[in-house]
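There are 2 protein chains.
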Amino acid sequence: MEKPATTQVPIHELIARRWSPVAFAADRPVTREQITALLEAARWAPSCYGDQPWRYLVWNRHVDASAWQRAFMCLAEGNQAWVRNAPVLLLAAASSRFTHNGKENRWGRYDTGAASENLCLQATAMGLQAHQMGGFDERAVRGAFSIPEDCECMAMIAVGHPADASVVEGELAQRQLAPRARASLSERFFDGEWGNGWQ
Amino acid sequence: MEKPATTQVPIHELIARRWSPVAFAADRPVTREQITALLEAARWAPSCYGDQPWRYLVWNRHVDASAWQRAFMCLAEGNQAWVRNAPVLLLAAASSRFTHNGKENRWGRYDTGAASENLCLQATAMGLQAHQMGGFDERAVRGAFSIPEDCECMAMIAVGHPADASVVEGELAQRQLAPRARASLSERFFDGEWGNGWQ
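Quick mapping for you: the protein sequence lines, in order, are chains Y and P.
Going by the working numbering, the letters in the first sequence line up with residues 49 to 247, in that order.
Going by the working numbering, the letters in the second sequence line up with residues 49 to 247, in that order.
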């Protein structure tokens with residue numbers, strides 16, 4: 049299902065086509081090579097001082113169902129309702145300290161967000177889909193997988209093949225079918241002075 | 049100048065080709081339509097609860113040289129040495145509070161990083177180049193442009209057309225020509241358990 053972004057001027061189709069579906073094909077695995085491509089895309093994101101503060105943890109249900117299940121149990125119930133069909137889960141974590149000097153890295157989250165966007169775009173490029181979630185129990189995932197204290201768990205990401213909206217029900221099916229929406233350019237983007245909306 | 053990422057498996061060429069050059073063509077303006085495309089790409093990034101916590105401020109030297117100059121003066125000296133040739137500067141700021149309820153948004157920086165990555169990829173797609181910087185005086189830019197207290201200034205971004213390495217000198221020319229480098233996949237990406245490097 050395609051829901052290309054509506055824009056004033058054309059943008060690259062890869063950026064326009066990426067979105068966050070909830071309908072995943074339960075029976076179609078993601079290959080190891082495809083996962084490697086997702087990680088390579090994240091790896092080549094830019095970062096402050098080239099620190100690469102991102103850390104990713106990958107769970108593949110078709111390789112280790114029990115680890116995938118432990119990760120799945122950390123998700124909010126509302127997310128579990130659709131993530132149950134996704135063959136791959138990832139955790140995106142952000143180091144809060146620079147590797148080279150141990151000092152606070154205030155770009156840890158920012159750079160990790162960039163890496164995750166690359167990962168999601170790469171999924172789109174391969175005919176897969178990636179959906180990031182903030183709805184998970186950070187303390188639970190931290191405990192279950194011994195995440196170091198200086199890494200913040202920012203997102204869990206479901207990856208898999210697209211499916212028809214009929215694989216989900218009720219409110220989820222509505223989400224799958226609803227148009228995508230964004231605030232207008234002028235509400236978030238300013239021309240020369242703060243608040244002077246871009247037209 | 050092209051420096052495609054070296055990867056174990058192929059990734060989308062747009063992601064592979066994006067990098068952070070320091071050689072900009074001083075005499076080639078960026079059109080308003082091109083800037084709109086950059087902002088549209090950022091606008092369609094994903095965000096937690098769809099909050100769209102990013103804010104961007106745009107300065108175009110060919111439209112308002114004095115505002116561009118005020119922004120330029122907030123940059124670290126090392127960045128001024130090459131940004132002087134870039135026709136467009138942007139500030140990427142992250143709201144630290146959700147719009148819908150005013151509570152802390154711990155994904156403000158993360159989502160803004162994703163939006164900026166879209167912006168940089170869109171620049172690459174149009175034959176432009178975008179280079180993000182953490183090296184600027186946050187207090188200065190906050191004061192000069194009345195950035196609200198609940199927005200964090202995360203990056204300034206130089207945008208323009210590519211130029212030959214000869215437009216910069218010394219250490220900058222070396223940076224322009226040096227190969228790109230990243231930590232290996234196994235150092236940042238883990239398979240099932242933290243520290244179990246992806247192979």
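Ideal placement from N, C-alpha and C gives every residue a C-beta, glycine not left out.
Of all the CB atoms in chain Y, is at least one closer than 8 Å to the CB of W130 (chain P)? no
Three-state class that DSSP yields for G161 (chain P) in the structure shown: helix
Which residues in the same chain as A190 (chain Y) place their Cβ atom closer than 7 Å to its Cβ, once the five residues preceding and following it in sequence are excluded? First, the residue type needs correcting, since residue 190 (chain Y) is Arg and not Ala in the sequence shown. Hits under 7 Å: C201.
With distance defined between alpha-carbon atoms, name the residue in P:M174, P:R65, P:A53, P:I83 nearest to W246 (chain Y). P:I83
At a Cβ threshold of 8 Å, is C96 (chain Y) touching chain P? yes
For the region 60 to 76 of chain P against the region 201 to 211 of chain P, are there 3 or more C-beta pairs whose distance is under 8 Å? yes
Figure out for me which residue from P:D212, P:P52, P:A93 has the closest Cα to the Cα of L169 (chain Y). P:A93
For S143 (chain Y) and D198 (chain Y), believed in contact at Cβ under 8 Å, the rounded distance: 6 Å
Tell me whether the beta-carbon of L62 (chain P) lies closer than 8 Å to the beta-carbon of A173 (chain P). yes
Suppose the cutoff is 7 Å on Cβ atoms and the five residues either side in sequence are ignored; what does the same chain contact list for R103 (chain Y) look like? A141, S143, C199
6 Å Cβ shell around A53 (chain Y) - same chain, five flanking residues per side excluded: A64
Chain Y partners of N166 (chain P), CB-CB under 7 Å? I63, E165
Anything in chain P within Cβ reach of D159 (chain Y), meaning under 8 Å, just list it in chain order. G161
Near-chain Y residues of the region 107 to 118 of chain P (beta-carbon distance less than 7 Å), N- to C-terminal order: W107, D112, A115
Cα-Cα separation, Q100 (chain Y) to H148 (chain P): 32 Å
Please list the partners that E81 (chain Y) has in chain P, where partner means a Cβ-to-Cβ separation under 9 Å. Q56, V57
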